[in-house]
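K.L.:
Same order as they appear, the protein sequences are chains A and B. With the first letter of the first sequence counted as 1, position 157 gets the number 157 in our numbering; the numbers rise by one all the way through. To convert, take the position in the second sequence, counting from 1, and add 235; that gives our numbering. Below: one structure in structure tokens.
Protein chains: 2
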Amino acid sequence: MPIDPDAKYEITGFKWVPDFARGFVRETRARWAFEEVGLSYKVRLIDFDEVKSQAQRHFQPFGQVPTYSDGDVEIFESGAIAIRIAEQRLGLMPLDMAGRAHAIQWVIAALNSVEPFVAQLSVVDLFEADKPWSAERRPSVVETIRSRLHDLSEALGDKQWLDGNFSVGDLIMVSVLRELHASGLLKEFPNLAAYVARGEARPAYQRAMADHLATFQDAGPTPPLSVSQPIGVPA
Amino acid sequence: MPIDPDAKYEITGFKWVPDFARGFVRETRARWAFEEVGLSYKVRLIDFDEVKSQAQRHFQPFGQVPTYSDGDVEIFESGAIAIRIAEQRLGLMPLDMAGRAHAIQWVIAALNSVEPFVAQLSVVDLFEADKPWSAERRPSVVETIRSRLHDLSEALGDKQWLDGNFSVGDLIMVSVLRELHASGLLKEFPNLAAYVARGEARPAYQRAMADHLATFQDAGPTPPLSVSQPIGVPA
């Protein structure tokens with residue numbers, strides 16, 4: 001079992017998030033990476049007040065989860081954490097320099113060329129759903145996402161993964177794309193839908209997600225506080 | 236002179252971009268990185284048609300610049316390219332693992348926790364300026380950017396750079412923040428304004444920007460084609 005209270009690898013996660021954010025908090029990316037490379041880790045659960053506290057801001061200036069520490073290195077940003085985990089043990093990053101550069105390229109492509117557009121759909125449908133402009137704006141947001149998915153679909157083609165074996169680049173790209181499940185947009189690109197399904201079928205993903213969701217099993221669905229924009233959820 | 240037609244390092248840039256995009260095309264980030272580490276490079280200038288061509292999409296699925304090749308590695312994404320350049324020679328990345336992880340963390344923080352919000356201002360003010368919702372939406376876009384700048388300002392404090400010596404993380408963060416010059420928002424956070432000014436004062440930055448702008452000196456300001464959203468400009 002990769003979760004071990006004595007593990008030297010520690011990440012932060014939330015004690016509670018709203019229903020719609022369960023399964024999507026970014027600490028799931030770190031959990032998945034640990035599972036892929038077979039490293040034991042522990043999770044320090046914190047609440048919204050703590051993540052915004054000065055003590056925690058020292059490690060995560062934007063007041064989000066996850067943060068990561070392993071005794072030698074203390075960092076934030078799920079993409080940087082996933083790269084760091086990938087560098088600890090084989091499984092998520094090729095050993096050759098070219099394969100390594102490609103893996104990092106796909107991490108950054110997911111986070112800078114795909115996620116910012118995907119996240120706008122959550123802005124329109126969730127965080128600014130009550131704003132007068134959201135309904136008007138939605139079609140252009142969807143069209144931009146569709147254009148990015150088209151390009152990515154062409155790049156993936158009939159390959160299993162973006163570049164050879166499953167890598168940290170796929171881990172982050174699948175994590176970003178699965179935020180689109182509810183929108184139905186993935187289904188318009190069958191190879192991307194199948195790619196995400198392959199990622200989600202991986203035993204490491206399954207274990208990571210089960211452990212993440214187990215966090216909330218006794219937490220209940222009722223919001224303990226008002227949250228205008230959940231922290232750590234892409235926005 | 237780091238620009239050398241026989242250099243093994245090659246990046247792509249645009250033959251022409253509209254006035255407002257000059258100085259902000261993302262190939263400037265790669266130029267700056269080459270200058271910082273003292274590596275000679277060459278630039279292959281392409282036009283909008285070529286960047287969207289199948290041949291070029293093979294290297295850059297989203298039809299943007301820059302792409303990068305050095306004989307061993309061929310990648311896209313300015314952040315990944317800057318990291319790759321930083322790994323070629325001393326100057327942009329510490330040698331110790333912790334310093335290295337921090338540099339990568341700040342690259343990703345700039346690209347995923349700051350730029351997506353900054354880019355929405357260009358969406359509102361440029362790309363969707365004619366849309367009915369843009370004026371209504373602008374204050375919330377500005378408020379979100381201000382919140383991120385506040386957090387980043389606290390993280391920087393009175394330090395010169397984000398983590399010790401100038402790193403690839405600072406290079407990308409300064410590149411992202413300077414997109415806010417026209418908005419006046421940086422001035423609200425004097426330490427961030429000074430941080431960006433320190434970055435822009437670096438001789439490597441000055442050379443990179445001069446070479447980038449020289450590309451367009453004979454190109455003229457009149458658009459040769461209609462561009463709804465300039466390619467390679469943050470959007």
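Ideal Cβ positions, reconstructed from N, Cα and C, are used throughout, including at glycine.
Pull up the CB-CB distance for D398/B and H337/B, whole angstroms please, since I reckon it's below 8 Å.
P.N.:
Between H337/B and D398/B the Cβ distance is about 4 Å, and since that is below 8 Å, they are a contact.
K.L.:
Along the chain, where does the alpha helix (DSSP H) containing R437/B start, and where does it finish?
P.N.:
Where R437/B is concerned, there is no enclosing alpha helix (DSSP H), given that its DSSP letter is neither H nor E.
K.L.:
Grab the span of the beta strand (DSSP E) containing G13/A for me, first residue to last.
P.N.:
Per DSSP, G13/A belongs to the beta strand (DSSP E) from 9 to 14.
K.L.:
Check whether the Cβ atoms of A428/B and L420/B sit closer than 7 Å, and answer yes or no.
P.N.:
Contact: no.
K.L.:
Any residues in the region 263 to 296 of chain B with a beta carbon nearer than 8 Å to a beta carbon of chain A? Which ones, in chain order?
P.N.:
Hits within the stretch, in order: R292, P296.
K.L.:
Using the three-state DSSP reduction, which class does K287/B fall into: helix, strand or coil?
P.N.:
If DSSP states are grouped into helix, strand and coil, K287/B belongs with coil.
K.L.:
What is the rounded straight-line gap between the Cα of V252/B and the Cα of D282/B?
P.N.:
The straight-line gap from Cα to Cα measures roughly 9 Å.
K.L.:
Return the CA-CA distance between Q291/B and S313/B, expressed in angstroms with no decimal places.
P.N.:
Answer to the nearest angstrom: the Cα atoms are 16 Å apart.
K.L.:
Determine the extent of the alpha helix (DSSP H) in which R44/A is found, giving its start and end residues.
P.N.:
Not the alpha helix (DSSP H): R44/A falls in the beta strand (DSSP E), residues 41 to 46.
K.L.:
What is the DSSP secondary structure of E312/B, reduced to helix, strand or coil?
P.N.:
Coil at E312/B, not helix or strand.
K.L.:
In the structure shown, what three-state DSSP assignment does S69/A receive?
P.N.:
Correct three-state label for S69/A: strand.
K.L.:
Is D4/A close to chain B, meaning its C-beta is less than 7 Å from at least one C-beta of that chain?
P.N.:
Not closer than 7 Å to any Cβ of chain B, the Cβ of D4/A fails to qualify, so no.
K.L.:
Take Y68/A and list the residues in its own chain whose beta-carbon comes closer than 6 Å to its own, dropping the five residues that flank it on each side.
P.N.:
Same-chain partners within the cutoff: I11, I75, I81.
K.L.:
Hey, how far is the Cα of D70/A from the Cα of Y9/A?
P.N.:
Going by the C-alpha atoms only, they are around 4 Å apart.
K.L.:
Quick one: using the 10 Å Cβ neighbour count with 16 as the cut-off for buried, is G404/B buried or exposed?
P.N.:
Answer is buried; the Cβ neighbour count reaches 16.
K.L.:
Could you say if the region 82 to 98 of chain A and the region 24 to 33 of chain A meet the contact criterion of at least three C-beta pairs nearer than 8 Å?
P.N.:
The region 82 to 98 of chain A, when compared against the region 24 to 33 of chain A, does touch it at the 8 Å Cβ threshold.
K.L.:
Going by DSSP, which residues form a beta bridge with I238/B?
P.N.:
According to DSSP, I238/B bridges with Y276/B.
K.L.:
Exposed or buried, Q299/B, counting other C-beta atoms within 10 Å across all chains shown (16 or more means buried)?
P.N.:
Buried, because 16 or more other Cβ atoms sit within 10 Å of the Cβ of Q299/B.
K.L.:
Put V176/A into one of helix, strand or coil per three-state DSSP.
P.N.:
Helix.
K.L.:
I'd like to know if D170/A contacts chain B, where contact means its C-beta is closer than 7 Å to some C-beta of that chain.
P.N.:
So, not an interface residue.
K.L.:
Quick check on P190/A: does DSSP put it in helix, strand or coil?
P.N.:
Residue state, collapsed to three classes: helix.
K.L.:
Using a Cβ cut-off of 7 Å (strictly closer), state whether E414/B contacts chain A.
P.N.:
It does not; no Cβ of chain A falls within 7 Å.
K.L.:
Give a yes or no on whether the minimum CB-CB distance between W251/B and chain A is below 7 Å.
P.N.:
No, no contact with chain A.
K.L.:
Which residue wins for smallest C-alpha separation from V376/B, given the options P351/B, R279/B, N400/B?
P.N.:
The shortest Cα separation from V376/B among P351/B, R279/B, N400/B belongs to P351/B.
K.L.:
Could you tell me which of T215/A, H212/A, R202/A, R146/A sits nearest to V37/A, measuring between CA atoms?
P.N.:
It is R202/A whose Cα lies nearest to the Cα of V37/A.
K.L.:
Could you tell me which chain B residues have their CB closer than 8 Å to the CB of E77/A, listed as they occur along the chain?
P.N.:
By Cβ distance, chain B contributes Q340, I343, A344, N347, S348.
K.L.:
Please work out which residues of its chain come closer than 7 Å, Cβ to Cβ, to A98/A, disregarding the five sequence neighbours upstream and downstream, and give them in chain order.
P.N.:
Answer for A98/A: no residue qualifies.
K.L.:
Mind checking which residues open and close the alpha helix (DSSP H) that includes R137/A?
P.N.:
Its alpha helix (DSSP H) spans residues 132 to 156.
K.L.:
Report yes or no: is there a C-beta of chain A within less than 7 Å of the C-beta of P351/B?
P.N.:
Yes, P351/B counts as interfacial toward chain A.
K.L.:
Give the secondary structure of A236/A by DSSP, where H, G and I count as helix, E and B as strand, and everything else as coil.
P.N.:
Residue coverage of chain A in this structure runs from 1 to 235, which leaves residue 236/A outside it and unanswerable.
K.L.:
Could you tell me whether any Cβ in chain A is nearer than 7 Å to the Cβ of V409/B?
P.N.:
Not an interface residue.
K.L.:
Count the other CB atoms, across all protein chains shown, that sit within 10 Å of the CB of H447/B; report buried if there are 16 or more and exposed otherwise.
P.N.:
Buried: at least 16 other Cβ atoms inside 10 Å.
K.L.:
Just the C-alpha distance for G248/B and A454/B, rounded to the nearest angstrom, thanks.
P.N.:
For G248/B and A454/B, the distance between alpha carbons rounds to 14 Å.
K.L.:
Just the C-alpha distance for P240/B and F401/B, rounded to the nearest angstrom, thanks.
P.N.:
So the two alpha carbons sit approximately 28 Å from each other.
K.L.:
Applying a beta-carbon distance threshold of less than 9 Å, which residues of chain B neighbour E200/A?
P.N.:
Per Cβ cutoff of 9 Å: no residues; E200/A is ~22 Å from chain B at best.
K.L.:
Roughly how many angstroms lie between the CA atoms of I3/A and I343/B, to the nearest whole one?
P.N.:
Roughly 27 Å between the two C-alpha positions.
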